[in-house]
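See below for the structure under consideration.
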Amino acid sequence: MLSVTIDEDKGIAILEPDGPLSQTDFELAAKIIDPYIEKTGQLHGLIIHTKSFPGWDSFAALFSHFRFVKEHHRKISRVAISTDSMVGHFAETVASHFVNAEIKLFSFQELEKAKSWVAGDATSNLA
């Protein structure tokens, strides 16, 4: 399951997976995020917040993940990965070659710092 929340004040989406990701998870994420983008023109950023990477429940889910990224990466300025998983380092490096968004890795405990950075708060670039 994938929990998706939008902080409309900051213009950010927070994705929190709880178990292997499914094709339905990415369809649900699009149904929540797309209306916000249509209304405002863009999403300042997106945060993936998970203690460890849960993987995908099927090849169809992996394909849906790639399609979601392809359809949204030009409409999102920043992506924060807030995790303690080693996959976060890999994702930060590899994804930067395929998406327009600026990507930054934070520890799982640094969710608030990730929110500030994604939202573009001036103080978030310090420390």
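Here this note's numbering runs 1001 ahead of the position in the sequence shown, where the first position is 1.
By construction, the Cβ of each residue, glycine as well, lies at the ideal position given by its N, Cα and C atoms.
Since this is a predicted model, take the numbers as computed values, not measurements.
Going by the DSSP bridge assignment, what does residue i pair with across the sheet?
| i | result |
| --- | --- |
| residue 1041 | In DSSP, residue 1041 forms no bridge with anything. |
| residue 1046 | 1013, 1079 |
| residue 1103 | 1079 |
| residue 1003 | 1018 |
| residue 1008 | 1013 |
| residue 1057 | 1022 |
Just to confirm, are residue i and residue j a CB contact at a threshold of 8 Å?
| i | j | result |
| --- | --- | --- |
| residue 1048 | residue 1115 | yes |
| residue 1069 | residue 1031 | yes |
| residue 1011 | residue 1043 | no |
| residue 1005 | residue 1029 | yes |
| residue 1053 | residue 1086 | yes |
| residue 1078 | residue 1103 | yes |
| residue 1065 | residue 1027 | yes |
Output needed for residue i: all residues of its chain with C-beta closer than 6 Å, excluding positions within five of it in sequence on either side, in chain order.
| i | result |
| --- | --- |
| residue 1051 | 1018, 1084 |
| residue 1038 | 1044, 1076 |
| residue 1008 | none |
Which residues in the same chain as residue i place their Cβ atom closer than 7 Å to its Cβ, once the five residues preceding and following it in sequence are excluded?
| i | result |
| --- | --- |
| residue 1063 | 1057 |
| residue 1055 | 1018, 1020, 1021, 1022 |
| residue 1121 | 1045 |
I think residue i touches residue j, with their Cβ atoms under 8 Å apart; what is that distance to the nearest whole Å?
| i | j | result |
| --- | --- | --- |
| residue 1081 | residue 1119 | 5 Å |
Starting from the C-beta of residue i, find all residues in its chain whose C-beta is less than 8 Å away, skip the five residues before and the five after it, and write them out in chain order.
| i | result |
| --- | --- |
| residue 1016 | 1003, 1004, 1005, 1030, 1047, 1048, 1049, 1050 |
| residue 1072 | 1031 |
| residue 1036 | none |
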